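Visitor: Mind having a look at this structure? Questions to follow.
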Amino acid sequence: MVTLPGDLYEYKVITGTGLLWRSAMRYALQRPWQTVLNILGITVGVMMVVAVDLANNSAREAFDKSLELLSGQISHQISAGSDGLPDAFFTRVKTELGLQKAAPSLSGKVRVNGQELTLLGIDVISEAAMQRSRPGLPDQVFAVTGNFIAAIGRTRSVVMEESLAQSLGLEAGDTFILSTMNASHQAELAAVFESADVALTDNLVLADIAAAQNLLDRPGRLDAIDLTLDDEAVAQLRSWLPANLMLVEVQGRNDNLQQMSEAFHINLLAMSLLSLLVAGLLIYNTVTLSVIQRQQTWEYSEPRALPGNRFLLW
Amino acid sequence: MKLQDNEHDSIHSFITLNQINHSYAEGSQQHRVLEKVSLKISKSEKVALLGRSGSGKSTLLNLISGIDLPEQGTVILNGHNISALNETQRTLFRRQHIGFIYQFFNLVPSLTAVENVALTLELNGMASAAAREKSMTLLSRLKVADKAASFPSRLSGGEQQRIAIARALVHSPDIVLADEPTGNLDAKTGEDVLQVLHDILDESKSSLLLVTHSLAVARTASRVLTLENGAISERDGDFAW
Numbered sequence: 012m013v014t015l016p017g018d019l020y021e022y023k024v025i026t027g028t029g030l031l032w033r034s035a036m037r038y039a040l041q042r043p044w045q046t047v048l049n050i051l052g053i054t055v056g057v058m059m060v061v062a063v064d065l066a067n068n069s070a071r072e073a074f075d076k077s078l079e080l081l082s083g084q085i086s087h088q089i090s091a092g093s094d095g096l097p098d099a100f101f102t103r104v105k106t107e108l109g110l111q112k113a114a115p116s117l118s119g120k121v122r123v124n125g126q127e128l129t130l131l132g133i134d135v136i137s138e139a140a141m142q143r144s145r146p147g148l149p150d151q152v153f154a155v156t157g158n159f160i161a162a163i164g165r166t167r168s169v170v171m172e173e174s175l176a177q178s179l180g181l182e183a184g185d186t187f188i189l190s191t192m193n194a195s196h197q198a199e200l201a202a203v204f205e206s207a208d209v210a211l212t213d214n215l216v217l218a219d220i221a222a223a224q225n226l227l228d229r230p231g232r233l234d235a236i237d238l239t240l241d242d243e244a245v246a247q248l249r250s251w252l253p254a255n256l257m258l259v260e261v262q263g264r265n266d267n268l269q270q271m272s273e274a275f276h277i278n279l280l281a282m283s284l285l286s287l288l289v290a291g292l293l294i295y296n297t298v299t300l301s302v303i304q305r306q307q308t309w310e311y312s313e314p315r316a317l318p319g320n321r322f323l324l325w
Numbered sequence: 023m024k025l026q027d028n029e030h031d032s033i034h035s036f037i038t039l040n041q042i043n044h045s046y047a048e049g050s051q052q053h054r055v056l057e058k059v060s061l062k063i064s065k066s067e068k069v070a071l072l073g074r075s076g077s078g079k080s081t082l083l084n085l086i087s088g089i090d091l092p093e094q095g096t097v098i099l100n101g102h103n104i105s106a107l108n109e110t111q112r113t114l115f116r117r118q119h120i121g122f123i124y125q126f127f128n129l130v131p132s133l134t135a136v137e138n139v140a141l142t143l144e145l146n147g148m149a150s151a152a153a154r155e156k157s158m159t160l161l162s163r164l165k166v167a168d169k170a171a172s173f174p175s176r177l178s179g180g181e182q183q184r185i186a187i188a189r190a191l192v193h194s195p196d197i198v199l200a201d202e203p204t205g206n207l208d209a210k211t212g213e214d215v216l217q218v219l220h221d222i223l224d225e226s227k228s229s230l231l232l233v234t235h236s237l238a239v240a241r242t243a244s245r246v247l248t249l250e251n252g253a254i255s256e257r258d259g260d261f262a263w
């Protein structure tokens, strides 16, 4: 019986030597364009995956922030479907129930200089009582110009973020035509503010709730009443609320909206996976082309002719 | 890996092939190239293997070196049962004990002549400077030291084959497997290359298995075998092909 000498087992597999690296470097330098294209192919492949993934995450984040921008950090909303509810009802909520953390809400799509924007009506006094923050809007947004309340209090006055105003060719004090589906109105840019997140506010026009009702041709109407309620107030409000109005928990509503947008995210995910596949194929083909070329020039056509193994040489 | 008792006498031969069967697939059919092939080669012996194209000569070399494994039978090389080693072990074994010479040289085109030779030693763990020095010594012996810094594309066929011989011998292998080493050279160059190979093998005492279909080349070996119809037979004295 004969056993193998130990050296066969103790021998280390050398996975790279100076000469192999030198050979690889020479090969790369002799074919600079191919090397550049190899690196470019791998870079593009990786970038493609990262870009789609980033786009997916950004879309999710933007969606969440958009929801929060329009409604702010509130717990409930009173709504009445597409027709909305009369603004007198807001007065009743505050006076009859004594709910101080309540604010009217009204928004709609408008066009200014051909650009579609969202007009958001707010009640400055109620907003102060609500103390809610909205992403993109600095806490001092209503005091940016020092005379904001006076400015926005005028009928048909609006404020917007300064880069949006610049893109529309407007400055504070300018008048312009603001169009809805049904009519056009002359509006005045009362003030501009500096946004904390331009991406969220670059299509947002703010106006006093009364001005918004006029500009949106919805006099005396609100979309909803935003509320911040504790459990006791919720119970009280539910028993008081007329049958034609709904008290909606905002988190639940947001969840529903999230579910509605899930198909969009699944599409993005599918696109991300597809781009991963494409990137993988791109990288595979890039590397394969290089290897095949070396095979064709018989550099590695007989990998085992050299005293290395296939793994080592490839 | 331990040898069986009935293989014990095999250790007296440097290479022993026991009842090797091997075939390869050709479409849906299996084509048998080696049928119960047995062979013994002693240490320092030079053996030529004659055979027509497709007779299985190269397959036999691949089996001896452990590049391929036989379907049946055992290959015992210097006491090691090659068939029982895994791929990494076979690679390490080849790296240390076997030298290859091919018809088309197979030099790495992006390495210079001396680097091609030194690569074998570096892969075996020798320091770069020492590997280069030893390679240069062998290149001088083969009379191609002046080509040490040249890339293979700048060398003639004869020069390339001398570099390939240097690469095959630089790590002092126990056996050199040469597959048509003069097949791509003109007659005079082939003769020179063969002479150099034999001279160095005489000094190094390495065994040689020379695969060829040339009678003239085969006659330079001490023993000539033929491979025909999957079987090996020995040719003594004056033979014709």
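Heads up: the protein sequence lines correspond to chains A and B, in order.
Just so we're aligned, residue 12 is where the first sequence starts under the numbering used here, counting upward by one.
Just so we're aligned, residue 23 is where the second sequence starts under the numbering used here, counting upward by one.
By construction, the Cβ of each residue, glycine as well, lies at the ideal position given by its N, Cα and C atoms.
Quick caveat, the model's predicted, so the values are computed rather than measured.
Using a Cβ-Cβ distance under 8 angstroms, would Leu85(B) count as near chain A?
Guide: Numbered from its first residue, the second sequence carries residue 85(B) at position 63. No, no contact with chain A.
Visitor: My understanding is that Ala235(A) touches Ile89(A), with C-beta atoms under 8 angstroms, so please give their C-beta distance in whole angstroms.
Guide: Locating residue 235(A) in the first sequence gives position 224, where the first residue counts as 1. Locating residue 89(A) in the first sequence gives position 78, where the first residue counts as 1. Indeed, because the Cβ distance is near 6 angstroms, the residues count as touching under 8 angstroms.
Visitor: Is the shortest distance between the beta-carbon of Glu144(B) and the beta-carbons of chain A less than 8 angstroms?
Guide: On the second sequence, position 122 is the one that residue 144(B) refers to. Chain A contact via Cβ: present.
Visitor: Determine the contact status of Ala200(B) and Ile123(B), defining contact as a CB-CB distance below 8 angstroms.
Guide: Position 178 of the second sequence, counted from the first residue, corresponds to residue 200(B). Position 101 of the second sequence, counted from the first residue, corresponds to residue 123(B). Yes. Within cutoff.
Visitor: Taking Leu30(A) as the query, report the chain B residues whose CB atoms sit under 9 angstroms from its CB, ordered along the chain.
Guide: Reading the first sequence from its first residue, position 19 is the one you call residue 30(A). Those within 9 angstroms of Leu30(A) in chain B are Val130, Leu133, Glu137, Asn138, Ala140, Leu141, Glu144, Leu145, Ser150, Ala153.
Visitor: Counting C-beta neighbours from all protein chains within 10 Å, is the total for Thr248(B) 16 or more, i.e. buried, or is it exposed?
Guide: Locating residue 248(B) in the second sequence gives position 226, counting from the first residue. Its Cβ being crowded by 16 or more others within 10 Å, Thr248(B) is buried.
Visitor: Please identify the residue among Pro97(A), Lys112(A), Thr129(A) whose C-alpha is closest to the C-alpha of Asp213(A).
Guide: Position 202 of the first sequence, counted from the start, is the residue given in the question as residue 213(A). Among Pro97(A), Lys112(A), Thr129(A), the Cα nearest to that of Asp213(A) is on Thr129(A).
Visitor: Under a Cβ-count criterion, where at least 16 other Cβ atoms within 10 Å of its own Cβ denotes burial, should Phe275(A) be classed as buried or exposed?
Guide: To locate residue 275(A), count along the first sequence from 1; it is residue 264. Exposed, since its Cβ has fewer than 16 Cβ neighbours within 10 Å.
Visitor: Going by DSSP, what residues sit across from His102(B) in a beta bridge?
Guide: Walking along the second sequence from the start, residue 102(B) turns up at place 80. Answer is Leu99(B).
Visitor: Rounding to the nearest angstrom, what Cα-Cα distance links Met58(A) and Pro43(A) in this structure?
Guide: Start at 1 with the first residue of the first sequence, and residue 58(A) comes out as number 47. Start at 1 with the first residue of the first sequence, and residue 43(A) comes out as number 32. Whole-angstrom Cα-Cα distance: 22 angstroms.
Visitor: Hey, Leu164(B) and Ile197(B) are a contact pair by Cβ (cut 8 angstroms); roughly how many whole angstroms apart?
Guide: Indexing the second sequence from 1 puts residue 164(B) at position 142. Indexing the second sequence from 1 puts residue 197(B) at position 175. Wrong, their Cβ atoms sit about 19 angstroms apart, outside the cutoff.
Visitor: Would you tell me roughly how many angstroms separate the C-alpha atoms of Gln270(A) and Met257(A), rounded to the nearest one?
Guide: On the first sequence, residue 270(A) is found 259 positions in, with the first residue counted as 1. On the first sequence, residue 257(A) is found 246 positions in, with the first residue counted as 1. Approximately 21 angstroms between the Cα atoms of the pair.
Visitor: For Lys210(B), name the three-state secondary structure that DSSP assigns.
Guide: One-based indexing of the second sequence puts residue 210(B) at position 188. Note: Lys210(B) maps to helix in three-state DSSP.
Visitor: Answer yes or no: does any C-beta atom of chain B fall closer than 8 angstroms to that of Arg42(A)?
Guide: Numbered from its first residue, the first sequence carries residue 42(A) at position 31. At a cut-off of 8 angstroms between C-beta atoms, Arg42(A) does not count as an interface residue with respect to chain B.
Visitor: For Asp237(A), write down the residues that DSSP places opposite it in a beta bridge.
Guide: As a position in the first sequence, residue 237(A) is number 226, starting the count at 1. Asp237(A) pairs with Gln88(A), Ala114(A).
Visitor: Classify Thr186(A) as helix, strand or coil using the three-state DSSP reduction.
Guide: Position 175 of the first sequence, counted from the start, is the residue given in the question as residue 186(A). Assigned with DSSP and collapsed to three states, Thr186(A) falls in strand.
Visitor: Mapping DSSP to helix, strand and coil, what is Gln197(A)?
Guide: Locating residue 197(A) in the first sequence gives position 186, counting from the first residue. The answer is strand: DSSP assigns Gln197(A) an E or B state.
Visitor: Can you list, in chain order, the residues of its chain with a C-beta nearer than 6 angstroms to that of Thr156(A)? Leave out the 5 residues immediately preceding and following it.
Guide: Your numbering for residue 156(A) matches position 145 in the first sequence. Residue placement at Thr156(A) is poorly supported in this model, since its pLDDT is 44, which falls under 50; the coordinates are not used for a value here.
Visitor: Starting from Leu175(A) and walking both ways along the alpha helix (DSSP H), at which residues does that stretch end?
Guide: Counting from 1 along the first sequence, the entry for residue 175(A) is found at position 164. First-last of the alpha helix (DSSP H) with Leu175(A): 173 to 178.
Visitor: The beta strand (DSSP E) that contains Val192(B), what's its start and end?
Guide: Position 170 of the second sequence, counting from 1, holds the residue named residue 192(B). Per DSSP, Val192(B) belongs to no beta strand (DSSP E) and is neither H nor E.
Visitor: What does Ser178(A) reach in chain B if we use C-beta pairs closer than 8 angstroms?
Guide: In the first sequence, residue 178(A) corresponds to position 167, counting from 1. Within chain B, no residue comes near Ser178(A); the closest Cβ sits about 57 angstroms away, beyond 8 angstroms.
Visitor: Helix, strand or coil for Ser244(B)? Go by DSSP, reduced to three states.
Guide: By 1-based counting over the second sequence, the position of residue 244(B) is 222. Reduced to three states, the DSSP call for Ser244(B) is coil.
Visitor: Going along chain B, which residues have a C-beta under 7 angstroms from Arg37(A)?
Guide: The count along the first sequence starts at 1 and reaches residue 37(A) at position 26. Correct list: Ser132.
Visitor: For the alpha helix (DSSP H) containing Ile220(A), name the first residue and the last one.
Guide: To locate residue 220(A), count along the first sequence from 1; it is residue 209. Element bounds for Ile220(A): 220 to 226.
Visitor: With distances taken Cα to Cα, identify the nearest neighbour of Asn103(B) among Phe36(B), Ser255(B), Lys169(B), Leu145(B).
Guide: Position 81 of the second sequence, counted from the first residue, corresponds to residue 103(B). That would be Phe36(B), whose Cα lies nearest to the Cα of Asn103(B).
Visitor: Spatial neighbours of Asp214(B) within its chain, please: C-beta separation below 7 angstroms, excluding the five flanking residues on both sides.
Guide: To locate residue 214(B), count along the second sequence from 1; it is residue 192. Taken in chain order, the residues that qualify are Gly180.
Visitor: Label Gly132(A) either buried or exposed according to how many other C-beta atoms from any shown protein chain fall within 10 Å of its C-beta, with 16 as the threshold for buried.
Guide: Taking the first sequence and counting its residues from 1, one reaches residue 132(A) at position 121. Label assigned to Gly132(A): buried.
Visitor: Do you know offhand how far Asp134(A)'s Cα is from Glu173(A)'s?
Guide: Along the first sequence, one-based indexing puts residue 134(A) at 123. Along the first sequence, one-based indexing puts residue 173(A) at 162. In a straight line, the C-alpha of Asp134(A) is about 21 angstroms away from that of Glu173(A).
Visitor: Which chain B residues are close to Ser34(A), counting only those with a beta carbon under 7 angstroms from its beta carbon?
Guide: Along the first sequence, read from residue 1 onward, the residue named residue 34(A) stands at position 23. Going along chain B in sequence order, the residues near Ser34(A) (Cβ under 7 angstroms) are Val130, Ser132, Leu133.
Visitor: Is Arg37(A) close to chain D? Criterion is C-beta to C-beta, closer than 8 angstroms.
Guide: Note that chain D does not occur in the displayed structure, where the protein chains are A and B.
Visitor: So if DSSP puts Asp201(B) in a beta bridge, which residue, or which two residues, is it bridged to?
Guide: As a first step, residue 201(B) is located in the second sequence; it is residue number 179 there, counting from the start. Among the bridge pairs identified by DSSP, Asp201(B) is matched with Tyr124(B), Val233(B).
Visitor: DSSP on Ala170(B), reduced to helix/strand/coil?
Guide: In the second sequence, counting from the first residue as 1, residue 170(B) sits at position 148. Residue state, collapsed to three classes: coil.
Visitor: Evaluate Ala153(B) with the Cβ neighbour count: other Cβ atoms within 10 Å of its Cβ, from every protein chain shown; 16 or more gives buried, anything less gives exposed.
Guide: If you number the second sequence from 1, residue 153(B) lands on position 131. Per the 10 Å Cβ criterion, buried.
Visitor: Alpha carbon to alpha carbon, what distance is there between Ser175(B) and Ser162(B)?
Guide: Counting from 1 along the second sequence, the entry for residue 162(B) is found at position 140. Counting from 1 along the second sequence, the entry for residue 175(B) is found at position 153. Taking the CA atoms as reference points, Ser162(B) sits about 20 angstroms from Ser175(B).
Visitor: Pick out the complete beta strand (DSSP E) segments inside the region 39 to 64 of chain B, 3 residues or longer, and give them in chain order.
Guide: 51 to 63
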